[in-house]
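Heads up: the protein sequence lines correspond to chains G and A, in order. Everything in the first sequence is counted per my numbering, starting at 1 for the first residue and increasing by one. Everything in the second sequence is counted per my numbering, starting at 1001 for the first residue and increasing by one.
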Amino acid sequence: MSNRLIDLVNISKSFGSSLILDEMNLYVQENEFLTLLGPSGCGKTTTLRIIGGFESPDQGKVLFNGSDIASLPPNKRQVNTVFQKYALFTHMTIAENIAFGLKIKNKSKAYIQDKVKYALKLVNLDGFDHRMPDSLSGGQQQRIAIARAIVNEPKVLLLDEPLGALDLKLRQGMQYELIRLKNELGITFIYVTHDQEEALTMSDTIVVMNQGYIQQIGTPETIYNEPENAFVADFIGDSNILGSIMLRDELVEILGVKFACIDKGFGENKPVDVVIRPEDVELLSPNETNLNGVVTHLIFKGVHYEMEVEANGFTWLVHSTKMVPVGAFVSIAVAPGNIQIMNKPVSEDEEATAIDE
Amino acid sequence: MNKKWLSFPYLLWAIGFIIIPLCMVFYYGFTDRDGVMTFENVVAIFSPEHRKALFLALLLSLISTILCIILAYPLSLILAKMGNGKNSFLVIIFILPMWMNFLLRTLAWQTLLEKNGVINSILTYLHLPSLTIINTPAAIILGMVYNFLPFMVLPIYNSLSKIDPNVMNAARDLGANGFQAFLKITLPLSMPGVISGITMVFVPALTTFVISTLLGGSKILLIGNVIEQEFTQASNWHLGSGLSVVLMIFIVISIVVSSLSDKDGEGAGF
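Right, here's the structure in full:
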């Protein structure tokens, strides 16, 4: 295992009476692309600002290479931030913007010139040296913000929803650009977003957060295929989440129908949540399985059809390349491996337990 | 849609009360009593007493402007830092005196500063030596700063509060300490506000005659007093207009300078 670069230990933070982070523990490894993912107000940006030094935690430690930096001001930290709305210096040229950090550190003129040139090349904006930030498009400004941060050779680059203000096409392009940048620079990226697709595309590790608690930490595949609770399942992609009963190991009763699954160790007759991704729901002819239903909606989505099937009082969301017309009777089958069993939250707090990776 | 006609009432106003009077000032300024064209009234600025009045007016309004910047900038920083919403009450408190009549405020200072005024009464009561402030240039500066300070605070506050806090954070993030960030980011970004504040303080201070009359007594003559007297006492409209034209040159210079350095009109509106 590569070593832990940043270690957040028991971090709590509240603004006024609202608790934003509650005893959060999280570590970031060297050279990792880690994404903090969650709805607004989940504490992801606060976490980033604590690492960047713009907020200090009420309690807990921020370890950077093993030493506590919680009380260090931002200018003393080996991290740089790309801010949400770029935060470029509008009274300076692009070159001056990029050179800002290097000038503060009293680097030589030649060194600064080389670095600015290199950074502009890296973000594909050669020759923009003398332009003013206001004359650039949103995407270009974003790249300048990244260039301005990376010329300082930070150990960690913090990105606070950097693509939030861009349109879809540009955003997708920038996602690949960011992955390329990270590979070229070989540094750690900590990325904050509420966009699950962005998180899935770019990350090595995703940290799903809600209401100040970490819900799940894992690779994009794990997060998508094996969500640990209903919140994660619901937040990442479309899903059918059903309250069910785990009859015994490898057998679950969903809407009164027994399904074989592959999960064990939940005990007998235990209420659980089951998540089934819409693309994992198979529609067969009526009575081929014990779960029969009728198609109520049909939308063509390009790659697949999206259908809704009423069965045993639940509206199933189904994605399939095979079209079944509205009104058709079907039966529903799910492969055992595609049924993801999750513990039911006992309480609101339980839903948000801190989870060790 | 053409809504130009909506500006018609103002256009009439501007012609009647700005353009025509301005033309008259120029007419009187460049003619003598017989209506013959002359530069005498303008050149009269070089006479010793006029030169002295102009110099004193420039000096006092310059000092007042600098004092206003020194007072207003830190205050604006504090107001802007307190964030939106919370500070509107403070801003209102600050501009409250602006809503009171200008003359009244200056008269109040006269009462405070008089030989047997409020301040000296308190000092005497405390067995402290009394002060001679009234009828000194210092009293005029005090009056100018007091009256024009809000015109400095508002544009500076306005331009400071427009700075995205993350821009400051970015500077800190890139290695600048608090002072460097202020010097390289906050200060240059707030310059439009400072410059428009300078215009809004310097120009009225330069042309005032009320403050100097009320707080400076009759001995200290600023160029504004000289012009006023030419119109009211000496009834020499030609000389008064000629000197006004000279003063206008200074006003135009300061407006041009400020509009050159504030191309976006950022600091102007509030």
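We treat Cβ as the ideally placed atom computed from N, Cα and C, and that holds for glycine.
Compare the C-beta of residue i against all C-beta atoms of chain A and say whether one is closer than 8 Å.
i: Gly52 of chain G; result: yes
i: Phe15 of chain G; result: no
i: Gly101 of chain G; result: yes
i: Phe83 of chain G; result: yes
i: Gly337 of chain G; result: no
i: Asp349 of chain G; result: Unreliable positioning characterises Asp349 of chain G in this predicted model, as indicated by a pLDDT of 48, which lies under 50. A coordinate reading is not provided.
i: Pro133 of chain G; result: no
i: Lys344 of chain G; result: no
Hey, does residue i have any beta-carbon neighbour from chain G nearer than 8 Å?
i: Asn1158 of chain A; result: no
i: Ala1080 of chain A; result: no
i: Pro1155 of chain A; result: no
i: Arg1172 of chain A; result: yes
i: Leu1077 of chain A; result: no
i: Leu1260 of chain A; result: no
i: Asn1169 of chain A; result: yes
i: Leu1222 of chain A; result: no
i: Asn1166 of chain A; result: yes
i: Gly1269 of chain A; result: Because the pLDDT at Gly1269 of chain A is just 39, under 50, the model does not fix this residue reliably, and the value given afterwards should be weighed accordingly. Not an interface residue.
i: Glu1266 of chain A; result: Its pLDDT being 46, under 50, Glu1266 of chain A is placed unreliably by the model, and nothing is read from it.
Going by the CB atoms, is the gap between residue j and residue i shorter than 8 Å?
i: Val82 of chain G; j: Leu158 of chain G; result: yes
i: Leu1247 of chain A; j: Ile1223 of chain A; result: yes
i: Val1194 of chain A; j: Phe89 of chain G; result: no
i: Ile1172 of chain A; j: Pro154 of chain G; result: The sequence given here has Arg at residue 1172 of chain A, not Ile. Against a cut-off of 8 Å, the Cβ pair of Pro154 of chain G and Arg1172 of chain A comes out as no contact.
i: Ser291 of chain G; j: Leu255 of chain G; result: The sequence given here has Leu at residue 291 of chain G, not Ser. Taking 8 Å as the Cβ cut-off, Leu291 of chain G and Leu255 of chain G qualify as a contacting pair.
i: Thr1199 of chain A; j: Ser1258 of chain A; result: yes
i: Thr296 of chain G; j: Glu306 of chain G; result: no
i: Gly52 of chain G; j: Val9 of chain G; result: no
i: Asp273 of chain G; j: Ile241 of chain G; result: yes
i: Phe1231 of chain A; j: Gly1242 of chain A; result: no
i: Val1145 of chain A; j: Ser1076 of chain A; result: no
i: Asn25 of chain G; j: Gly101 of chain G; result: no
i: Ile144 of chain G; j: Ile94 of chain G; result: yes
i: Gly337 of chain G; j: Arg277 of chain G; result: no
i: Ile332 of chain G; j: Leu283 of chain G; result: yes
i: Ile946 of chain A; j: Gly1216 of chain A; result: Residue 946 of chain A lies beyond the residue range present for chain A, which begins at 1001 and ends at 1270; the question has no answer from this structure.
i: Leu166 of chain G; j: Gly139 of chain G; result: yes
Whose Cβ in chain G lies nearer than 7 Å to the Cβ of residue i?
i: Ile1185 of chain A; result: Phe89
i: Gln1180 of chain A; result: Ile104
Name the chain G residues whose beta carbon is nearer than 9 Å to that of residue i?
i: Val1194 of chain A; result: Residues of chain G passing the Cβ test: none, with the nearest at roughly 13 Å.
i: Leu1189 of chain A; result: Phe89, Thr90, His91
Mind listing the chain A neighbours of residue i? Cutoff is C-beta to C-beta under 8 Å, in chain order.
i: Asn80 of chain G; result: Asp1173, Leu1174
i: Arg148 of chain G; result: Ala1170, Leu1174
i: Asn152 of chain G; result: Leu1174, Gly1175
Can you name the residues of chain A whose CB is closer than 7 Å to the CB of residue i?
i: Asn75 of chain G; result: Arg1172, Gly1175, Ala1176, Asn1177
Next item on the list: Taking only runs that begin and end inside the region 134–178 of chain G, name each unbroken beta strand (DSSP E) of 3 or more residues, in chain order.
Entry: The region 134–178 of chain G contains these whole beta strand (DSSP E) runs: 156–160.
Next item on the list: Could you pull out every unbroken alpha helix (DSSP H) segment of at least 4 residues lying fully inside the region 77–128 of chain G, listed in chain order?
Entry: Unbroken alpha helix (DSSP H) runs of no fewer than 4 residues, entirely contained in the region 77–128 of chain G, are found at 94–104, 109–122, following chain order.
Margin query: Runs of 4 residues minimum, wholly inside the region 1028–1069 of chain A: which ones carry the alpha helix (DSSP H) assignment?
Written below: Runs of the alpha helix (DSSP H) spanning 4 or more residues and lying entirely within the region 1028–1069 of chain A occur at 1040–1043, in chain order.
Note to self: I'd like to know if the region 259–276 of chain G and the region 239–249 of chain G are in contact, where contact means that at least 3 CB-CB pairs between them fall below 8 Å.
What the structure shows: In short, these stretches touch, since the Cβ pair count reaches three.
Note to self: Assess contact between the region 181–188 of chain G and the region 20–35 of chain G, defined as three or more Cβ pairs (one per stretch) separated by less than 8 Å. Is contact present?
What the structure shows: The way I'd put it, the region 181–188 of chain G does touch the region 20–35 of chain G; three or more beta-carbon pairs between them come closer than 8 Å.
Notebook entry, point to check: Given 8 Å as the limit, is there contact between the region 1123–1139 of chain A and the region 1213–1230 of chain A, that is, 3 or more CB pairs closer than that?
Noted result: Touching, yes.
Notebook entry, point to check: Mind pulling the alpha helix (DSSP H) runs of 4 or more residues that sit fully within the region 1173–1258 of chain A?
Noted result: DSSP runs (the alpha helix (DSSP H)) wholly in the region 1173–1258 of chain A: 1178–1181, 1187–1207, 1210–1216, 1223–1232.
Next item on the list: Answer yes if the region 1159–1166 of chain A comes into contact with the region 1108–1127 of chain A, meaning at least three C-beta pairs across the two stretches below 8 Å, and no otherwise.
Entry: Because the criterion of three Cβ pairs below 8 Å is not met, the region 1108–1127 of chain A and the region 1159–1166 of chain A do not touch.
Notebook entry, point to check: Does the region 41–48 of chain G come close enough to the region 224–231 of chain G that 3 or more CB-CB pairs lie under 8 Å?
Noted result: The answer is no - the region 41–48 of chain G does not touch the region 224–231 of chain G, with fewer than three Cβ pairs under 8 Å.
Margin query: I'd like the ranges of any beta strand (DSSP E) spanning at least 3 consecutive residues and lying wholly in the region 215–264 of chain G.
Written below: Segments of the beta strand (DSSP E) lying fully in the region 215–264 of chain G: 240–248, 251–254, 257–260.
Note to self: What ranges does the beta strand (DSSP E) occupy inside the region 20–58 of chain G, keeping only unbroken runs of at least 3 residues that lie completely in it?
What the structure shows: Counting whole runs of 3 or more residues, the region 20–58 of chain G contains the beta strand (DSSP E) stretches 33–37.
Check: Of all the alpha helix (DSSP H) runs that stay within the bounds of the region 1107–1162 of chain A, which reach a length of 4 or more residues?
Finding: With a minimum length of 4 residues, the continuous alpha helix (DSSP H) runs that stay inside the region 1107–1162 of chain A are 1118–1125, 1137–1161.
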